[in-house]
Amino acid sequence: MDEFVKSRIKQVRKGDQNAFGEIVELYKDKVFQLCFRMLGNSHEAEDISQEAFIRAYINIERYNIDRKFSTWLYRIATNLCIDRIRKKKPDYYLDAEVAGTEGLTLYSQIPASQLAPDEEVSKIELQEIIQNEILKLPEKYRAVIVLKYIEELPLLEISKILDLPIGTVKTRIHRGREALRKQLRHI
Amino acid sequence: MNRCPEIITEYMHEYLDGEILPEHKNILTVHLKSCADCRQHFQELEKSIALVKSISHVQAPADFTQKVLMNLPKEKKKVSVKRWFSRHPVLTAASIFSIFMAASLLSHWSGDDFSVTKNPDLVIENNTAIVPEGETVTGDIVVKNGDIRIDGKVDGSVTVINGEIVNGESYMASAGQVKGDIVEINEAFEWLWYQMKHIFESTMNMLTGKE
Chain H
1 MDEFVKSRIK QVRKGDQNAF GEIVELYKDK VFQLCFRMLG NSHEAEDISQ
51 EAFIRAYINI ERYNIDRKFS TWLYRIATNL CIDRIRKKKP DYYLDAEVAG
101 TEGLTLYSQI PASQLAPDEE VSKIELQEII QNEILKLPEK YRAVIVLKYI
151 EELPLLEISK ILDLPIGTVK TRIHRGREAL RKQLRHI
Chain D
1001 MNRCPEIITE YMHEYLDGEI LPEHKNILTV HLKSCADCRQ HFQELEKSIA
1051 LVKSISHVQA PADFTQKVLM NLPKEKKKVS VKRWFSRHPV LTAASIFSIF
1101 MAASLLSHWS GDDFSVTKNP DLVIENNTAI VPEGETVTGD IVVKNGDIRI
1151 DGKVDGSVTV INGEIVNGES YMASAGQVKG DIVEINEAFE WLWYQMKHIF
1201 ESTMNMLTGK E
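The listed protein sequences correspond, in order, to chains H and D. According to this note's numbering, the first sequence holds residues 1 to 187 in order. According to this note's numbering, the second sequence holds residues 1001 to 1211 in order.
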C-alpha cells in the first residue's frame, strides 16, 4: 500500500492528475469523515476536504516521500478544519445543530432492514446527540478526539498530524474525554 | 470523589490510552473496588468513548474524486500525451510506424517532375505520353505528373498519377483499348493508398515466391 502510494506520488510530481485521482479515491472517505466530524455539516465537510486534496496536489513537492502520506494529508485537512471553525465561531452553535441533523440524515449508514422503525429513529437521534456533543468541544480537543476515536489513529500519528509533542496530545485527549464524559453521562 | 487523589484519574486515562504501568494498574484496580465515585467516573469515561466510537462512519459523496480533479490546476499537455502513449504501447508503435510510413511515401509524392515508364513504343510530347495509333504497348504504364493519350492499344494496366488520360473520345472508349486496369490518382491520399497496395502486393509476391 505504501509502495502503491509512493509510485502514484512520483507520477503526480511529474504532473499526472490521473495518478492523483487514485490517491483521492484511496483517502477520500477518511478525509471527508474527519472534516464532517470536525465541522458537523456535510456541505462544509465536502468543501474543506476538496480543498485539502487540492492543496495536497499543489504542494506535493513539499511532501517528504519518506514519511507517511496519510499523516501529511490529515494534517492539511485538520488545519483547514480548525481555520474554518475559528472563522465561523460567532454563529457556530446554531449552525452546527442544523447542519449536524442534515448531515446525519444524508450520510448515516444504518442498514434499514436491521432495525425496527422506532429503533432506527432513536439510533439516528443518538448519533445526532453524539455528533453535537463532539461539536461542542473546543477545536483543540475536538481534533484529538476525532483523530483518536473516529479515525482510530495511534497517539504517535496524531502527534505528527497536529505537530504537537505526544505529551500535549495525551493531555488534550484526557481533557476531551473528561468533557465528553460530562456531556454524555446522562444518555 | 473530592477525597480521592488526583492521581487516580490520571491512571484512568493512562489505562484508556493503553499505556498504564502494571503497578499503576494495580493501584487503580484496588481503588475502583473500594470507591463507588471513581468507579462511576471510570464507567462514564468508558461509556462516552463507546458512544463516540459508535457513530456511523460517513462516506464522501459519489462524485468527490471527479470534483477534485476538475478543480486541480491544469495539467501539462505533455504529461497527458505521454501517459496515453505509455498506456497504449501497441497503438504507439503503430502510430509511429504509420507516421514514418506516410512521410516516406509522401516524399515520393512531392516530386513534380514528369516521368513515365520506359517503353520503346511510347512517344513523349510535352508532358504527355502517347500510345501511337496502331501500336500495342506491352506491359504496365505508369505516368506521373503528366497525361497519357491512348490512340493505340495497351497490353497491361495504365496508372496516371497527378494527371489524366486525355483522349479525343470518351473515357470509356479508351477503356476498350487497355487490357488491364486504368487508374487515375490525383490526391495525396489516393497516392498513399496506391503505394501501400503496391507495397503489400510486392511483399505478397515476394513471400509467395513470384515477382
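We put the beta carbon where it would ideally sit given N, CA and C, even for glycine.
- For the C-beta of H/H43, not a single chain D residue is nearer than 8 angstroms; the gap to the nearest is close to 10 angstroms.
- Closest in alpha carbon position to H/K160, among H/Y74, H/R177, H/N132, is H/Y74.
- For D/T1138, the enclosing beta strand (DSSP E) begins and ends at 1136–1138.
- For D/S1115, the three-state secondary structure derived from DSSP is strand.
- Around H/R181, the beta-carbon contacts reaching into chain D at under 7 angstroms are E1044, L1045, S1048.
- Cβ-Cβ distances below 8 angstroms link H/Y63 to I9, A56, F69, W72 in the same chain, with the five nearest sequence neighbours on each side left out; the list follows chain order.
- DSSP places D/V1123 in the uninterrupted beta strand (DSSP E) bounded by 1123–1125.
- Inter-residue distance for H/L147 and H/V169 is about 11 angstroms (C-alpha atoms, whole angstroms).
- Secondary structure within the region 132–158 of chain H: the alpha helix (DSSP H) runs of 4 or more consecutive residues, fully enclosed, are 139–145 (chain order).
- Around the beta carbon of D/A1103, fewer than 16 other beta carbons sit within 10 angstroms, so the residue counts as exposed.
- In the structure shown, the three-state DSSP call for D/D1155 is strand.
- The three-state reading of DSSP puts D/K1179 in coil, since its state is none of H, G, I, E or B.
- According to the DSSP assignment, D/R1149 belongs to the beta strand (DSSP E) that extends over 1147–1150.
- Judged by DSSP secondary structure, D/I1020 falls outside any beta strand (DSSP E); it is assigned neither H nor E.
- By a beta-carbon distance limit of 8 angstroms, H/R84 contacts H/L39. Their separation comes to about 6 angstroms.
- H/E157 is outside the set of residues whose beta carbon lies under 8 angstroms from a beta carbon in chain D.
- Taking CB atoms only, H/V24 has a neighbour in chain D less than 8 angstroms away.
- Under the 8 angstroms criterion on CB atoms, D/D1037 is classed as non-interfacial with respect to chain H.
- Just measuring C-alpha positions, the residue of H/K140, H/F53, H/I54 sitting nearest H/R177 is H/K140.
- Checking the DSSP bridge columns, you'll see D/V1131 partnered with D/I1150.
- Its Cα nearest to that of D/D1037, the residue D/I1008 stands out among D/I1008, D/D1181, D/S1202, D/H1088.
- Against chain D, a Cβ distance below 7 angstroms from H/N18 picks out R1083.
- Excluding sequence positions up to five before and after D/G1146, its CB lies within less than 7 angstroms of the CB of F1114, V1116, N1127, T1128, A1129, G1163, all in the same chain and listed in chain order.
- Within the same chain, and ignoring the five residues on either side of H/S122 in sequence, no residue has its Cβ closer than 6 angstroms to its Cβ.
- In the three-state reduction of the DSSP assignment, D/E1184 falls in the strand class, which pools E and B.
- Judged by DSSP in its simplified three-state form, H/I187 adopts coil rather than helix or strand.
- DSSP, reduced to helix, strand and coil, places H/V5 within a helical segment of the structure shown.
- With three or more CB-CB distances shorter than 8 angstroms, the region 1045–1065 of chain D counts as touching the region 27–39 of chain H.
- Of the residues assessed, H/E46 falls on the buried side of the cut-off, its CB having 16 or more other CB atoms within 10 angstroms.
- In this structure, D/T1065 lies near H/V24, with their beta-carbon atoms less than 8 angstroms apart.
- Residues of chain D whose Cβ lies closer than 9 angstroms to the Cβ of H/L184 are, in chain order, E1044, K1047, S1048, L1051, V1052.
- D/L1091 and H/F53 have their alpha carbons spaced roughly 33 angstroms apart.
- Legend: CB atoms of the region 120–147 of chain H lying less than 7 angstroms from CB atoms of chain D belong to residues Q127, I130, Q131, I134, I145.
- Less than 8 angstroms divides the Cβ of H/Q17 from the Cβ of D/L1072.
- For D/V1178, the closest alpha carbon among the candidates D/I1165, D/V1158, D/R1003 is that of D/V1158.
- The alpha-carbon of H/N79 is positioned some 9 angstroms away from that of H/A143.
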